[in-house]
Every structure is written in structure tokens, then in C-alpha cells.
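Take 53 as the starting number for the sequence shown in our numbering and just add one per residue.
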Amino acid sequence: EFKAQHPGTTFNVAAEGLTTGIAAIIDGTAQIGMSSRPTKPEEISAAKAKSVNFKETIVAYDGIAVIVNSANPVKGLTRKQVEQIFTGDVTDWSAVGGSGGKISVYTRNTSSGTYSEFKELAMKKRDYAPDSQKMAGNEQIASEVSKNPNGVGYVGLAYTKANGIKVVAIDGAMPSKESVLGKAYPYARPTFYYTNGEPSGLAKQFVDFTVSDAGQKIVEQVGFVPIK
């Protein structure tokens, strides 16, 4: 839609995790860095050393959904149980109301903002289980969980419709537009665009488009929660 309004515009999108996006703003190879967490103090320091001043724009909200295989009888977990599963304190489904079987934990890889954000939101900043398996993206986590009856992982709201998986309620709350905006769902977060100072030219027009009514309609269509 933005390209239709701005003929000749080209996008070079590298979906490689937020660490790459933040680094690209610092070294000047990107005009917009997309992120699912706020910048860290060490990233701000590295930016300042290169005279880069981050400008943060919230463009959408997202819920991190905990998913299991569709054949798993577990329908809900408590926050404590989620922490225990992902840290490896609990290793068998029978301990959380399942029918038994060694739990296979799937996470994002370390360059993903969701990897660290989930530790903050769900794990009290503890380490992941030593035998957890790191995946490159939401699609890969959903795919592995769909193939493994004992699998568990997490994905953004936009990926919860994948075949072979189901979302579990957390303390009785399911992730949705309403529960994310109303803060009833515990694993919710804003998502950001970062630029070096105030964006200009096409970059500014694209940021403005994303937060406009038309842009926010697209945000909702692709499975995120609009900011307004």
C-alpha cells in the first residue's frame, strides 16, 4: 500500500532479529530498525559513541502466545508453571496436568528480541532449560511444535493460526487484542521502530504511514494489536 502511494520505493528487509536491526542503525546501514524490545543501555552507549541518537516509535502491540501440540490435553498453565517449564524445573507433562511425556522446549535464538523479552516477562530473567532448542523464527517454532506431541514454545499473535498447534491460557487469560490492550494477558509488549534521530524523507513518510489509521489497519490485519 505504501509503495502504491510512493511509486519507485524499494524496501530491503532483513528479518534477522532485533540485534541486527539495532546494529544496522548504529552503523548506518539501515534507516529503520524494527525491534520487539526497548534498546539496552549498552546499545545506547554504542550508538552515542558513533553520534547516533535513537528515536523510538511504538508502532504496535503484541502478545507472546505459549503454544503446545494440538494433541496435547493441556488447555491452560499458570505463570509459575510456564517459568518452570521453560527453565527446565519441570520436564514432564504429567507435572502440569498433561498425559505424560518429556517436554521439548522450543525458543527463539539469542539474536531475537523475543528470546530476551520472554525471559523478562515469563521467567524472572532466569536461563532457558539447557536442552531447549533455539529456532530462527516464529514459523519454525510453530512447525516444530506441530510435529512434536510433547513440544512447547512461544510465538507472536500473528502466528497462532498455524496448523497442528494450540494456544494455552495463562492464568485463565488467552492472548487477544482485548487482553493485550487491557493488560489482562501477562506476556504482552510494545513493538518499535528505531531511527537515528527524527527520520526524514521516505523513512519519515513510512514511519508516519505505519502509525496512521491506514497503517494501523494493516497492523491489525497481519495479526498485531494496533496502538489506537
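We put the CB at the ideal spot given by N, CA and C, even for glycine.
Asked, Found
"In three-state DSSP terms, what is K218?", "strand"
"Can you have a look at E169 and say buried or exposed, based on whether 16 or more other CB atoms are within 10 angstroms of its CB?", "buried"
"Pull the bridge partners of R241 from the DSSP assignment, please.", "D114"
"What did DSSP end up calling G77 once you bin it into helix, strand or coil?", "Rather than Gly, the amino acid found at residue 77 in this sequence is Ile. Reduced to three states, the DSSP call for I77 is helix."
"Counting C-beta neighbours from all protein chains within 10 Å, is the total for S184 16 or more, i.e. buried, or is it exposed?", "buried"
"Just to check my reading of the structure: V157 and V204 have Cβ atoms closer than 8 Å, yes? What is that Cβ distance to the nearest angstrom?", "6 Å"
"Apart from the five residues just before and just after G208, which ones in its own chain have a Cβ nearer than 6 Å to its Cβ?", "D114 and N190"
"I'd like to know whether the C-beta atoms of K329 and G249 end up nearer to each other than 8 Å.", "Nothing about residue 329 can be reported from this structure: the residues present for the chain run from 53 to 280 only."
"Indicate whether the contact test is met: 3 or more Cβ pairs, each with one atom in the segment 219 to 239 and one in the segment 253 to 271, closer than 8 Å.", "no"
"So the candidates are V134, I84, E94 and K171; which of them puts its Cα closest to the Cα of I110?", "I84"
"Are Y206 and I119 closer than 8 Å when you measure CB to CB?", "yes"
"On the DSSP letters alone, give me the boundaries of the beta strand (DSSP E) that T159 sits inside.", "S156 to R160"
"Note the first and the last residue of the continuous beta strand (DSSP E) segment covering V104.", "Run containing V104: none; DSSP gives neither H nor E here."
"Taking the alpha carbon of P278 as the point to measure from, which residue in K229, Q192 and L173 has its own alpha carbon closest?", "K229"
"Residues in the same chain with beta-carbon distance under 7 Å from A214, minus the five sequence neighbours each way, listed in chain order, please.", "A194 and S198"
"Return the chain-ordered list of same chain residues with a C-beta closer than 7 Å to the C-beta of K127, the five sequence neighbours on each side being excluded.", "V220 and A221"
"Just curious, the alpha helix (DSSP H) that V197 is in, first and last residue?", "N190 to K199"
"Under 6 Å Cβ to Cβ from G153, same chain only, skipping five residues before and after it: list those, please.", "W145 and N202"
"Grab the span of the alpha helix (DSSP H) containing V290 for me, first residue to last.", "In the structure as shown, the chain starts at 53 and stops at 280, and residue 290 therefore has no counterpart that could be examined."
"By how many angstroms is the C-alpha of T243 removed from the C-alpha of E172?", "15 Å"
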